[in-house]
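Scroll down for the structure; my scribbles are underneath it.
In my numbering, the protein residues as written are 921 to 1029.
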């Protein structure tokens, strides 16, 4: 049988799950800059999975996105509580996305 190459960031328990399934995972620990880059790639991957997810799978994909965002925040030294605090300030100043406003253009006065 041939090796399957992934070359991507995975959750911490994935290597153990692979071993439990009878395969041998080849892994390495990323340096901080590599880790952030891999997290950004994972963010795009998870966003695409959300875009194509069936309605009943969207909550799982949202959870995956949140996990990646939390890891990114931690990699920059910020807790989820700090990010939530800054988000609330921004929400107060600029609003959220609940009104579904799509800005098409602006015109000079």
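All residues carry an ideal CB built from backbone N, CA and C; glycine is no exception. No experiment lies behind these values; they were computed from the predicted model shown.
| Asked | Found |
| --- | --- |
| For the alpha helix (DSSP H) that contains residue 935, what are its first and last residues? | 934-940 |
| Less than 8 Å between the CB atoms is what I'm expecting for residue 966 and residue 981, so what's the real figure, rounded? | 6 Å |
| Measuring only the C-alpha atoms, how far is residue 927 from residue 935? | 13 Å |
| Do you know how far the Cα of residue 979 is from the Cα of residue 998? | 24 Å |
| Over the uninterrupted alpha helix (DSSP H) stretch that includes residue 979, give me the two end residues. | 978-995 |
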